[in-house]
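*Asks:* Heads up: the sequence shown is residues 159 to 279, going by our numbering. Questions regarding the structure given below will be posed in turn.
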Amino acid sequence: MKDKQFLMIPGPTPVPETALLAMAKHPMGHRSSEFSAVLAEVFADLKWLFQTQEDVFILTSSGTGAMEAAIYNLVNQGDKVLSLVIGNFGERWAKIAKMRGADVETINADWGKAIDPAVLK
């Protein structure tokens with residue numbers, strides 16, 4: 159860790175040496191049987207981790223891409239959405255919902271402060 163940056167933010171995070179070495183190997187083809195076997199194992203492990211028998215999905219995107227996928231699959235144009243904004247992520251949820259065409263209402267609090275549940279009634 160001596161010559162590496164130590165980041166105390168949500169991401170990117172320090173990468174373990176074992177992961178760096180694995181990434182240094184020649185990549186396998188995404189249509190190969192080797193890749194299919196790895197992916198099947200990953201899906202099985204994720205199902206165990208989340209204690210589900212339902213399908214799991216891996217999104218090859220940033221967190222914002224996952225937020226967009228959630229909004230676009232759960233919210234229709236014109237739907238009413240309440241976004242609680244206490245920081246950047248709340249602002250981003252509201253922005254994505256507006257881009258989707260939702261009727262977005264926001265309740266704001268100072269960054270890092272809690273929103274009083276009584277306000278939601």
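All C-beta atoms in this analysis are idealised placements derived from N, C-alpha and C, irrespective of residue type, glycine included.
Can you look up Glu249 in the DSSP assignment and give me helix, strand or coil?
*Replies:* Taking the sequence shown and counting its residues from 1, the one referred to as residue 249 is at position 91. It is helical.
*Asks:* Closest by CA to Glu249, which one among Ala267, Ser191, Gly259, Ser194?
*Replies:* Within the sequence shown, residue 249 is the residue found at index 91, counting from 1. Out of Ala267, Ser191, Gly259, Ser194, Ala267 has the C-alpha closest to the C-alpha of Glu249.
*Asks:* My output table needs one value for Asp161: the three-state DSSP class, helix, strand or coil.
*Replies:* The residue given as residue 161 occupies position 3 in the sequence shown. Coil.
*Asks:* Jot down the residue ranges of each uninterrupted beta strand (DSSP E) in the segment 172 to 247, minimum 3 residues, whole runs only, in chain order.
*Replies:* Taking only runs of at least 3 residues, the beta strand (DSSP E) segments lying wholly in the segment 172 to 247 are 238 to 243.
*Asks:* Per the contact definition of three or more C-beta pairs closer than 8 Å, is the segment 190 to 207 in contact with the segment 220 to 227?
*Replies:* No: the two stretches stay apart, fewer than three of their Cβ pairs being nearer than 8 Å.
*Asks:* Can you name, in chain order, every residue of its own chain whose Cβ lies under 7 Å from the Cβ of Ile254, other than the five neighbours on each side?
*Replies:* Stepping through the sequence shown from its first residue, residue 254 is reached at position 96. These residues qualify, in order along the chain: Met225, Glu226, Ile229.
*Asks:* Out of Thr222, Leu197, Leu232, state which residue places its alpha-carbon closest to the alpha-carbon of Phe215.
*Replies:* Here residue 215 refers to the residue found at position 57 of the sequence shown. The shortest Cα separation from Phe215 among Thr222, Leu197, Leu232 belongs to Leu197.
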